[in-house]
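Input: a single structure, listed below in structure tokens.
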Amino acid sequence: MNGCVSLAFRLLWRMAPQPRKVKQVPATFDHATLPVVCAVTDDEQFLEELVPELIPWFQVVLRQDFDDIARWTRETHVAAVLLDIDTDENDGSGGHGGLPVLNELRKLNQDFVLISLSRSRTRSLEKQALEAGADVHFRSPVDIGELRLSLAESLRKRGEEVAREKMRRQTLERSRFQDFVGSSEPMRLVYDAVQLVADSSVNVLIRGESGTGKELVARAIVALSRRANKPYIRLNCAALPENLIESELFGSERGAFTGATEARPGQIELADGGTLFLDEIATLTLPLQTKLLRVLEDHQVQRLGGRTLRKIDFRVICATNENLEEMARTGRFREDLYYRIHVIPIQLPPLRDRLGDIPLLCEFFLQMHCVANGLPIKRLDDTALAVFEEHTWPGNVRELENVIQRLVITVRGEVIRASHLPPRLLATNLAANEAVLLPESGTDFDAEVQQMEVALLTAALRRAQGSKAAAARLLKIDGQRIKYLCRKYSLG
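Listed below in structure tokens is the structure:
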């Protein structure tokens with residue numbers, strides 16, 4: 134490192150009496166605010182030409198070798214590295230020992246601007262350098278002025294990318310509420326309702342289609358309540374067979390039924406002091422509804438096969454995607470239980486009613502699943518995002534997340550395009566159809582029309598078993614025209 138410092142002083146001293154090489158800078162010039170650029174090379178002649186060109190625009194630091202360069206650049210807050218990959222030619226790497234260093238630096242920080250330099254003029258080496266992580270590669274002899282401009286432009290673009298990414302993160306963070314992502318008006322109403330009921334002890338009924346996030350609402354209520362550090366018990370009433378749900382809810386004593394070899398508390402007992410979340414409550418049978426109503430009224434529970442009543446302090450939150458009013462009217466759901474659990478309802482909107490949240494949700498799920506799978510962060514191009522925004526999403530947020538998760542695994546590049554999307558999303562989507570029919574590069578109208586004519590003629594002839602007269606009737610054209618078209622396209 135001492136050699137590096139002495140080299141820097143010699144160069145700066147040698148350059149001092151040569152102001153003609155130094156570019157004019159604004160009167161408000163503050164060197165401390167300039168980006169730090171590290172030049173790594175042992176070529177002193179190249180440095181004598183390079184440093185005067187960079188000094189007015191960047192803070193320049195010099196290194197003569199690759200030793201511990203990754204840690205050093207991180208600690209020095211370097212914005213860009215000019216790496217001579219021919220440095221340390223005698224290290225046994227065949228003269229290009231900087232290639233693995235490039236790769237290490239890129240893995241260390243995606244925000245670095247990395248420019249590789251080499252005296253070799255082979256295109257294969259340039260390709261290797263770019264694959265290793267270089268943003269730009271220069272071959273000898275290097276045009277110093279072009280190098281400075283390229284460095285400045287790369288830093289500008291990288292700065293804009295970092296600023297955009299920071300803004301995206303801030304927007305995503307502002308749109309978060311507990312485990313929810315979304316800033317649309319329907320979701321704001323949900324957030325307000327959660328905050329309104331969280332600190333009370335009233336029973337809440339969460340309503341919404343499958344996949345809208347009803348359990349997330351329950352968790353948010355608990356997290357903001359006085360019972361946040363108490364038990365939170367979740368029971369999906371539709372997930373257990375009818376002969377098990379009763380003992381699961383109310384518990385059982387030893388010998389209460391075949392296989393009951395020991396006493397077990399039910400989910401209601403386990404929720405003592407905390408919150409019981411009953412998902413899909415509409416699936417409970419009428420006898421179980423009656424027992425649950427009694428527990429909600431008295432806050433006492435009696436185990437199966439037991440004789441004693443246990444006092445339980447708990448709050449109940451229920452969820453359903455069924456029309457409980459209609460079920461109560463037809464006798465499939467107890468009306469008194471309906472009024473007991475329906476103290477404060479919270480209605481979750483379907484995803485099709487909160488389209489403004491789709492870009493935020495897509496970005497959130499892309500980041501989450503890319504990180505979980507150790508992949509670079511991927512993004513949707515504009516056409517693919519338009520497809521997502523136009524889809525009706527019958528499975529709501531759950532369906533959207535499943536699609537994103539599949540795309541993260543199956544798409545090799547970092548950009549997800551409309552052509553990568555599942556066929557069922559593309560089938561009825563205007564944006565996707567437009568992208569297919571009219572790509573950005575344009576299309577040959579006559580060639581497209583010919584392809585369509587050939588496809589229709591072929592299909593009609595196949596349906597008509599080769600009969601031109603029958604095919605003409607299917608296509609609603611006269612016999613002479615179909616004969617002309619068949620001759621034109623050498624069909625039949």
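Going by the numbering used here, 256 is the number at position 123 of the sequence shown; the sequence numbering is gapless. Glycine residues also receive a C-beta, built at the ideal position from the N, C-alpha and C atoms.
Please classify residue i as buried or exposed, where buried requires at least 16 neighbouring CB atoms within 10 angstroms.
{"i": "Asp219", "result": "buried"}
{"i": "Leu118", "result": "The structure shown has nothing for residue 118, since the chain only spans 134 to 625."}
{"i": "His524", "result": "buried"}
{"i": "Ile542", "result": "exposed"}
{"i": "Thr463", "result": "exposed"}
{"i": "Asp611", "result": "exposed"}
{"i": "Ser251", "result": "buried"}
{"i": "Asp224", "result": "For Asp224, the pLDDT reaches just 46, beneath the cut-off of 50, and the residue's location in the model is therefore unreliable, although a value from the coordinates is still provided. Looking at its Cβ environment, which holds fewer than 16 other Cβ atoms inside 10 Å, Asp224 is exposed."}
{"i": "Lys154", "result": "Its pLDDT being 34, under 50, Lys154 is placed unreliably by the model, and nothing is read from it."}
{"i": "Phe390", "result": "exposed"}
{"i": "Asp217", "result": "buried"}
{"i": "Gly227", "result": "Since pLDDT at Gly227 reaches only 47, below the 50 mark, its modelled position is unreliable, and no value is offered."}
{"i": "Trp146", "result": "Model confidence at Trp146 stands at a pLDDT of 34, short of 50, so the residue's coordinates are unreliable and nothing is read from them."}
{"i": "Met320", "result": "buried"}
{"i": "Val582", "result": "exposed"}
{"i": "Thr174", "result": "buried"}
{"i": "Arg614", "result": "exposed"}
{"i": "Lys628", "result": "For residue 628 there is no data in the structure shown, the boundaries of the chain being 134 and 625."}
{"i": "Leu377", "result": "exposed"}
{"i": "Tyr617", "result": "exposed"}
{"i": "Val476", "result": "exposed"}
{"i": "Pro185", "result": "buried"}
{"i": "Leu470", "result": "buried"}
{"i": "Phe313", "result": "buried"}
{"i": "Gln584", "result": "exposed"}
{"i": "Ala551", "result": "buried"}
Considering only the beta carbon of each residue, do residue i and residue j sit closer than 8 Å?
{"i": "Gly384", "j": "Glu402", "result": "yes"}
{"i": "Asn454", "j": "Ser334", "result": "no"}
{"i": "Gly231", "j": "Ser249", "result": "yes"}
{"i": "Asp405", "j": "Phe466", "result": "no"}
{"i": "Ser253", "j": "Val269", "result": "no"}
{"i": "Phe498", "j": "Glu522", "result": "no"}
{"i": "Val170", "j": "Leu284", "result": "yes"}
{"i": "Glu237", "j": "Ala262", "result": "no"}
{"i": "Phe179", "j": "Ala213", "result": "no"}
{"i": "Gly399", "j": "Val434", "result": "yes"}
{"i": "Gly489", "j": "Ser317", "result": "yes"}
{"i": "Thr345", "j": "Val530", "result": "yes"}
{"i": "Arg108", "j": "Trp205", "result": "Since the displayed the chain opens at 134 and closes at 625, residue 108 lies outside it and no answer follows."}
{"i": "Ala452", "j": "Ile537", "result": "no"}
{"i": "Val449", "j": "Leu421", "result": "no"}
{"i": "Lys424", "j": "His432", "result": "no"}
{"i": "Ala580", "j": "Ala593", "result": "no"}
{"i": "Leu554", "j": "Ala597", "result": "no"}
{"i": "Leu195", "j": "Ile277", "result": "no"}
Could you give the C-beta distance for residue i and residue j, rounded to a whole number, given that I count them as a contact under 8 Å?
{"i": "Leu437", "j": "Ser358", "result": "Incorrect: roughly 30 Å between the Cβ atoms, too far for contact."}
{"i": "Ala353", "j": "Gln311", "result": "4 Å"}
{"i": "Gly341", "j": "Leu481", "result": "3 Å"}
{"i": "Leu608", "j": "Leu589", "result": "6 Å"}
{"i": "Leu558", "j": "Val520", "result": "6 Å"}
{"i": "Leu215", "j": "Ala172", "result": "5 Å"}
{"i": "Asn336", "j": "Arg473", "result": "7 Å"}
{"i": "Arg291", "j": "Leu241", "result": "Not really, about 15 Å apart at Cβ, beyond 8 Å."}
{"i": "Asp515", "j": "Val548", "result": "Not really, about 10 Å apart at Cβ, beyond 8 Å."}
{"i": "Leu247", "j": "Arg239", "result": "6 Å"}
{"i": "Val234", "j": "Phe199", "result": "5 Å"}
{"i": "Gly439", "j": "Glu496", "result": "The Cβ separation is near 52 Å, so there is no contact."}
{"i": "Val323", "j": "Val350", "result": "7 Å"}
What are the residues that DSSP puts in a beta bridge with residue i?
{"i": "Pro365", "result": "One point to set straight first is that residue 365 is Tyr, not Pro, in the sequence displayed. Answer by DSSP bridge pairing, in chain order: Thr408."}
{"i": "Pro478", "result": "Leu338"}
{"i": "Arg272", "result": "Ser251"}
{"i": "Pro398", "result": "Gly384"}
{"i": "Leu216", "result": "Val173, Ser249"}
{"i": "Ile450", "result": "Val337, Phe410"}
{"i": "Arg196", "result": "Val173"}
{"i": "Phe313", "result": "Phe310"}
{"i": "Ile549", "result": "Leu513"}
{"i": "Arg444", "result": "The displayed chain sequence assigns Lys, not Arg, to residue 444. BP columns for Lys444 point to Gln433."}
Please confirm if residue i has its CB atom under 8 Å from at least one CB of chain D.
{"i": "Leu437", "result": "Looking at the structure shown, chain D is missing, and only one protein chain is on hand."}
Quiz item: Does the region 404-411 touch the region 365-378, meaning 3 or more C-beta pairs lie closer than 8 Å?
Solution: yes
Exercise. Indicate whether the contact test is met: 3 or more Cβ pairs, each with one atom in the region 503-515 and one in the region 469-484, closer than 8 Å.
Key: no
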